[in-house]
Amino acid sequence: LPSLTMHPVMMGLFQRALRLRTSLRHLCLCSTVSTKARLPLAALKSPFLNFGSCREQHVGAVGSKSLPDGAPKRLPFSRVTKEDVDFFKKILPGRTITDPDLVESSNVDWLKSVRGSSEILLRPQTTEEVSQILRYCNNRNLAVNPQGGNTGLVGGSVPVYDEIILSTSLMKNINSFDDISGILTCEAGCVLENLSLYLEDRGYMMPLDLGAKGSCQIGGNVATNAGGLRLLRYGSLHGTVLGLEVVLADGQVLDCLSTLRKDNTGYDLKQLFIGSEGTLGVITAVSILCPPKPKSVNVVFLGCETFECLLKTFQLCKGMLGEILSAFEFLDSECMRLLNTHLKLANPISDCPFYIVIETSGSDPNHDSEKLHSFLEEAMTTLLVTDGTVATEEAKIKALWSMRERVTEALTHDGFTYKYDISLPVERIYQLVTEMRQHLGDRAKSVVGYGHVGDGNLHLNITSPAKDPSLLAAIEPFVYEWTAKFQGSISAEHGLGLKKRNYIYYSKQSQAVALMGHIKALLDPKGILNPYKTLPDKLR
Amino acid sequence: MSGRVLVGVKRVIDYAVKIRVKPDNSGIVTDGVKHSMNPFCEIAVEEAVKMKEKKLIKEVVAVSCGPQQSQETIRTALAMGADRGIHVEVSGKDYETLGPLQVSKIMAALAKKEDAQLIILGKQAIDDDCNQTGQMTAALLDWPQGTFASEVSLEGDKIKVVREIDGGLETIKINTPAVLTADLRLNTPRYATLPNIMKAKKKKIANVKPADLGVDLTSRLEVLRVDEPPQRQAGMKVETVEDLVGKLKESGKV
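Read top to bottom, the protein sequences are chains A and B.
Counting in full-length UniProt numbering, the first sequence runs from 1 upward without gaps.
Counting in full-length UniProt numbering, the second sequence runs from 1 upward without gaps.
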């Protein structure tokens with residue numbers, strides 16, 4: 001183990017982490033046994049395993065100001081004093097917000113499932129201001145919660161206690177765009193949809209697209225390594241981000257804002273920050289490689305009888321549409337029912353057990369439409385697909401996409417939603433949904449499955465009329481153990497945030513997590529950046 | 001009433017596309033721009049297909065006047081359920097000056113040639129907003145017209161039409177043969193389903209020249225200039241009510 005000069009608190013935790021590893025090896029053995037097996041009582045009681053409190057991760061009924069149940073204990077950070085507020089007001093005049101009504105919306109996440117009690121919201125406009133803020137907070141041992149569009153789904157974007165909220169919303173300049181290489185450089189607070197519109201005017205587009213595009217900011221997208229609908233075609237942010245400017249916990253500005261496509265000079269530091277969920281540094285600027293806007297886009301909405309047919313359709317699709325395929329999403333009939341009921345969106349085709357949304361993007365409408373029609377004819381004659389429709393006009397394309405993009409919204413109208421974002425071998429994806437339905441029986445109101453089937457990513461959602469601890473107990477750890485059984489990921493793209501931080505061991509070896517802890521300690525010795533998130537409690 | 005219905009479908013720039021004026025102000029840029037079926041024409045096709053499904057009419061014929069690409073628009077109508085198509089070929093200069101008068105002459109000639117009992121058109125096209133073709137076609141044929149239709153019901157050899165007018169809704173009964181123009185609330189056009197899209201490929205589209213119909217395409221109109229609407233000026237933010245009143249007084253508004 002590297003010898004590091006560490007904060008005494010970190011040292012103690014680090015040693016505890018060693019003991020954790022041994023205990024967890026024991027646990028891992030247990031969890032590969034059938035899901036019905038009981039964990040040994042001793043293991044459950046062990047402070048390191050903490051699986052009891054994992055069940056209460058959906059913290060704090062919105063509205064309660066008391067200690068959120070199941071949340072980690074407040075770490076010994078300093079509390080914000082009048083002197084602190086005066087300092088911030090001096091460096092950020094008019095942009096230091098202490099009015100509780102104005103801070104309120106930044107204390108609650110988009111799902112309205114977690115609420116913090118921060119009393120101060122800062123809105124820097126420049127990297128220099130962010131640097132000054134962090135330098136000061138580091139010296140004063142004040143915790144900071146970086147916040148972009150606040151659209152995250154795992155409670156990572158809002159404070160748990162009184163962390164100072166550092167919003168990037170005012171850092172929304174586009175610095176440069178090179179229309180030969182397609183490289184865009186912009187500040188972290190740029191809203192994804194605005195970047196898309198800017199690029200579309202210039203014949204390009206963003207390499208990622210997600211339902212939250214109207215609100216989410218690029219800094220947050222990078223910090224969470226957002227996936228989305230186009231990952232299948234353009235890859236992840238780990239590939240498309242060329243450079244970052246990051247402010248570290250002590251206020252140092254790390255300028256890795258390169259606009260080079262290829263640069264093998266030393267360790268690629270930006271990769272550390274992509275997906276770090278604001279715990280290693282605050283991203284203040286991004287340079288990203290953007291693909292040309294396709295001249296021809298087709299969207300197809302298909303219906304399949306079985307999941308096997310759906311998977312065969314995917315194989316056929318890859319074979320016949322390969323180079324022009326840009327998205328392959330699915331939703332089940334339960335999702336369609338929710339869309340019909342809550343959002344009054346009519347089914348574009350007849351009712352089927354499974355629906356697929358396929359998008360093609362290419363440079364030649366004739367070429368693409370020929371390929372598409374051959375594929376559709378093949379799919380229909382071999383009965384892989386029982387019904388479908390095609391759209392080439394923008395209005396119809398938007399209408400078909402909304403059948404997939406608005407499922408999340410429809411769920412919020414169905415009741416309290418338990419959301420799971422799982423990566424699995426593609427042939428297992430729907431098995432989890434059917435087994436969960438059987439397992440829960442009538443305890444749940446709706447159990448739906450949808451997602452980026454092309455990437456092996458399932459969004460499993462379970463609703464109940466109100467928050468229901470006994471339902472949650474039935475869902476977890478069943479869903480995580482099931483996922484671990486097939487070496488899947490318990491968080492494919494949503495990240496760990498607050499809600500899933502303690503489940504990391506279902507998908508990562510303890511040695512790996514321990515190394516993450518070292519890196520965190522190295523870059524943020526006082527642990528002020530987005531505490532209580534991403535890394536498990538017992539590693540702190 | 002049984003028989004043949006002619007539906008006019010126009011190929012226009014897709015309504016979601018940003019329109020750009022040509023640098024020489026002679027017209028708008030159409031090259032490489034996404035085109036699709038005029039939304040009101042979609043509604044007209046849907047109405048005709050619905051009538052056929054209810055067995056009130058026998059055949060739906062989709063007609064489009066324009067260059068080669070108009071065939072795509074006819075294919076869309078076929079995929080929605082039209083039985084066959086007629087492409088009246090108009091291209092080049094003739095196409096640039098093609099307007100409601102010429103199209104209505106073409107529709108009238110086709111109606112006679114095809115022995116149509118009903119012509120359904122969209123109330124207007126979203127590119128020129130003329131709202132004239134339906135009315136002119138009815139006049140040339142001396143047929144009754146039910147325009148801005150939001151509800152249509154065939155009753156024997158008469159048609160009851162509920163029209164959207166400024167004061168509300170007007171219900172009229174007209175004889176057949178007749179011309180109807182579809183308004184927004186007449187129906188919701190269906191998505192063309194895959195089986196129909198496949199079938200549509202095999203349906204026939206006949207090719208006809210305006211000269212064959214004895215139609216003269218000369219236009220009596222000349223477009224002098226096309227300009228973009230004036231840019232919206234930015235507003236001004238004021239800090240206090242006094243400021244607001246002051247500014248209003250300054251600009252002479254108060």
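Ideal Cβ placement from N, Cα and C applies to all residues, glycine included.
Exercise for the section: Quick one: give me the first and last residue of the beta strand (DSSP E) that A/I174 is part of. Expected result: Start at 1 with the first residue of the first sequence, and residue 174 of chain A comes out as number 174. Following the DSSP letters along the chain, one finds A/I174 inside the beta strand (DSSP E) bounded by residues 174 to 178.
Practice task
Within its chain, find whatever has a CB closer than 8 Å to the CB of A/G122; leave out the 5 residues flanking it on each side and keep chain order.
Solution key: Your numbering for residue 122 of chain A matches position 122 in the first sequence. According to the sequence shown, residue 122 of chain A is Leu rather than Gly. Once the five neighbours on either side are set aside, the close Cβ partners of A/L122 are F88, L92, R95, T96, I97, I133, I164, I165, L166, S167.
Problem - Residue(s) in a DSSP beta bridge with B/A16 - result: Translated into the one-based positions of the second sequence, residue 16 of chain B becomes position 16. Answer is none; B/A16 lacks a bridge partner.
Problem - A/H452 and A/E329 closer than 7 Å at C-beta - result: On the first sequence, residue 452 of chain A is found 452 positions in, with the first residue counted as 1. On the first sequence, residue 329 of chain A is found 329 positions in, with the first residue counted as 1. Between A/H452 and A/E329, the C-beta spacing is below 7 Å.
Problem - When B/K247, B/E222, B/V7, B/K203 are compared against B/K93, the one with the closest alpha-carbon - result: For the purposes of this step, residue 93 of chain B is identified with residue 93 of the second sequence, where counting begins at 1. Cα-wise, what sits closest to B/K93 is B/E222.
Exercise for the section: Report the rounded CA-to-CA distance for B/R84 versus B/E114, giving the unit in angstroms. Expected result: On the second sequence, position 84 is the one that residue 84 of chain B refers to. On the second sequence, position 114 is the one that residue 114 of chain B refers to. Looking at the two C-alpha atoms, the distance is approximately 12 Å.
Problem - Alpha-carbon spacing of B/A125 relative to A/D99, whole angstroms - result: As a first step, residue 125 of chain B is located in the second sequence; it is residue number 125 there, counting from the start. As a first step, residue 99 of chain A is located in the first sequence; it is residue number 99 there, counting from the start. Their backbone Cα atoms lie some 53 Å apart in a straight line.
Handout entry: For B/N131, the nearest candidate out of B/A116, B/T147, B/L140 (CA to CA)
Key = Counting from one through the second sequence, the residue named residue 131 of chain B turns up at place 131. When B/A116, B/T147, B/L140 are compared, the shortest CA-CA separation from B/N131 is found for B/T147.
Problem - B/M236, buried or exposed, once every other Cβ within 10 Å from all chains shown has been counted against 16 - result: Along the second sequence, read from residue 1 onward, the residue named residue 236 of chain B stands at position 236. Counting every other CB atom within 10 Å of its CB across the protein chains shown gives B/M236 a total below 16, marking it as exposed.
Handout entry: Nearest residue (CA-CA) to A/L316, options A/Y532, A/I120, A/L372
Key = Your numbering for residue 316 of chain A matches position 316 in the first sequence. The shortest C-alpha to C-alpha distance from A/L316 to any of A/Y532, A/I120, A/L372 is the one to A/L372.
Handout entry: Burial state of A/P398 (16 or more Cβ within 10 Å)
Key = Here residue 398 of chain A is taken as the residue at index 398 of the first sequence, counted from 1. The amino acid at residue 398 of chain A is misidentified as Pro; the sequence shows Lys. Exposed is the call here.
Practice task
Report the residues of the segment 10 to 28 of chain B with a CB closer than 9 Å to any CB of chain A, ordered along the chain.
Solution key: Flagged, chain order: D14, Y15, A16, V17, K18.
Handout entry: the segment 136 to 144 of chain B touching the segment 94 to 109 of chain B, judged by at least three CB pairs closer than 8 Å
Key = In short, these stretches touch, since the Cβ pair count reaches three.
Problem - Through-space distance from A/P294 to B/R20, alpha-carbon basis - result: Counting from one through the second sequence, the residue named residue 20 of chain B turns up at place 20. Counting from one through the first sequence, the residue named residue 294 of chain A turns up at place 294. The alpha-carbon separation between B/R20 and A/P294 amounts to approximately 19 Å.
Practice task
Report buried or exposed for B/D243, applying the criterion of at least 16 other Cβ atoms within 10 angstroms of its Cβ.
Solution key: The sequence position of residue 243 of chain B within the second sequence is 243, counting from 1. Exposed, by the Cβ-count rule.
Handout entry: Outcome for A/S66 when other beta-carbon atoms lying within 10 angstroms are tallied against a minimum of 16
Key = Numbered from 1 along the first sequence, position 66 holds the residue referred to as residue 66 of chain A. Reliability fails at A/S66, whose pLDDT of 32 lies under 50, so the model's placement of it is uncertain and the value that follows must be treated cautiously. Burial call: exposed.
Exercise for the section: Measure the alpha-carbon distance for A/A71 versus A/V160 and round it to whole angstroms. Expected result: Mapped onto the first sequence, residue 71 of chain A falls at position 71. Mapped onto the first sequence, residue 160 of chain A falls at position 160. For A/A71 and A/V160, the distance between alpha carbons rounds to 8 Å.
Exercise for the section: Give the straight-line distance between the Cα atoms of B/T240 and B/L248, rounded to the nearest whole angstrom. Expected result: To locate residue 240 of chain B, count along the second sequence from 1; it is residue 240. To locate residue 248 of chain B, count along the second sequence from 1; it is residue 248. In a straight line, the C-alpha of B/T240 is about 13 Å away from that of B/L248.
Exercise for the section: Would you verify that the beta carbon of B/L194 is, or is not, closer than 7 Å to some beta carbon of chain A? Expected result: Here residue 194 of chain B corresponds to residue number 194 of the second sequence, with the count starting at 1. The C-beta of B/L194 comes closer than 7 Å to at least one C-beta of chain A.
Practice task
Would you please state the rounded distance, in angstroms, between the beta carbons of B/V5 and B/V60? I believe it to be under 8 Å.
Solution key: Counting from one through the second sequence, the residue named residue 5 of chain B turns up at place 5. Counting from one through the second sequence, the residue named residue 60 of chain B turns up at place 60. Sure, about 5 Å apart at Cβ, within 8 Å.
Exercise for the section: Along the beta strand (DSSP E) that carries A/Q147, what are the first and last residues, could you check? Expected result: Within the first sequence, the letter at position 147 stands for residue 147 of chain A. For A/Q147, the enclosing beta strand (DSSP E) covers residues 144 to 147.
Practice task
Using a cut-off of 9 Å between C-beta atoms, extract the partners of A/L325 located in chain B.
Solution key: As a working mapping, residue 325 of chain A is identified with position 325 in the first sequence. For A/L325, there are no neighbours in chain B by C-beta distance under 9 Å, as the nearest C-beta there is about 18 Å away.
Exercise for the section: Determine the DSSP secondary structure at A/L518, reduced to helix, strand or coil. Expected result: Here residue 518 of chain A refers to the residue found at position 518 of the first sequence. The sequence given here places His at residue 518 of chain A; Leu does not occur at that position. In the three-state DSSP reduction, A/H518 falls in the helix class (H, G or I).
Problem - chain B contact for A/G388 (CB, 7 Å cutoff) - result: Indexing the first sequence from 1 puts residue 388 of chain A at position 388. Flagged as an interface residue toward chain B: A/G388, by a C-beta distance shorter than 7 Å.
Exercise for the section: Give the secondary structure of B/G246 by DSSP, where H, G and I count as helix, E and B as strand, and everything else as coil. Expected result: Here residue 246 of chain B is taken as the residue at index 246 of the second sequence, counted from 1. Annotated three-state conformation of B/G246 is helix, per DSSP.
Practice task
Return the residue from the list A/S118, A/D255, A/W110 that minimises the CA-CA distance to residue 541 of chain A.
Solution key: Lying before the first or after the last residue shown, residue 541 of chain A is absent from chain A, which here runs from 1 to 540.
Problem - Alpha-carbon spacing of A/K508 relative to A/V357, whole angstroms - result: In the first sequence, counting from the first residue as 1, residue 508 of chain A sits at position 508. In the first sequence, counting from the first residue as 1, residue 357 of chain A sits at position 357. One C-alpha to the other measures close to 32 Å.
Exercise for the section: Output, in sequence order along the chain, the residues in the segment 168 to 193 of chain B whose CB is closer than 7 Å to any CB in chain A. Expected result: Under the 7 Å Cβ criterion, the segment 168 to 193 of chain B contributes Y191, A192, T193.
Exercise for the section: Under 9 Å between beta-carbons, which chain A residues line up against B/I197? List them in chain order, please. Expected result: As a first step, residue 197 of chain B is located in the second sequence; it is residue number 197 there, counting from the start. Result: H373, L376, G388, T389, V390.
Problem - Minimum C-alpha distance to A/T185 - residue among A/E409, A/L244, A/T382, A/G228 - result: Counted from its first residue, the first sequence places residue 185 of chain A at position 185. Ranking the options by Cα distance to A/T185, first place goes to A/L244.
Problem - Alpha carbon of B/Q233 to alpha carbon of B/S251, nearest angstrom - result: Locating residue 233 of chain B in the second sequence gives position 233, counting from the first residue. Locating residue 251 of chain B in the second sequence gives position 251, counting from the first residue. Taking the CA atoms as reference points, B/Q233 sits about 15 Å from B/S251.
Practice task
Measure from the C-beta of B/S36 to each C-beta in chain A and report whether the shortest distance is under 7 Å.
Solution key: Within the second sequence, residue 36 of chain B is the residue found at index 36, counting from 1. Taking Cβ atoms only, chain A reaches closer than 7 Å to B/S36, which makes this a yes.
Problem - First through last residue of the beta strand (DSSP E) which encompasses A/D421 - result: Here residue 421 of chain A corresponds to residue number 421 of the first sequence, with the count starting at 1. Where A/D421 is concerned, the enclosing beta strand (DSSP E) stretches over 416 to 423.
Handout entry: Buried or exposed (CB count within 10 angstroms, at least 16 for buried), B/I197
Key = To locate residue 197 of chain B, count along the second sequence from 1; it is residue 197. Looking at its Cβ environment, which holds 16 or more other Cβ atoms inside 10 Å, B/I197 is buried.
Exercise for the section: Pull out every residue of the segment 340 to 373 of chain A whose Cβ sits closer than 7 Å to any Cβ of chain B, in chain order. Expected result: Answer set for the segment 340 to 373 of chain A: P348, I349.
Exercise for the section: Pull up the distance between the alpha-carbon of A/M436 and that of A/L472, whole angstroms please. Expected result: As a first step, residue 436 of chain A must be located in the first sequence, where it is residue number 436. As a first step, residue 472 of chain A must be located in the first sequence, where it is residue number 472. Approximately 12 Å between the Cα atoms of the pair.
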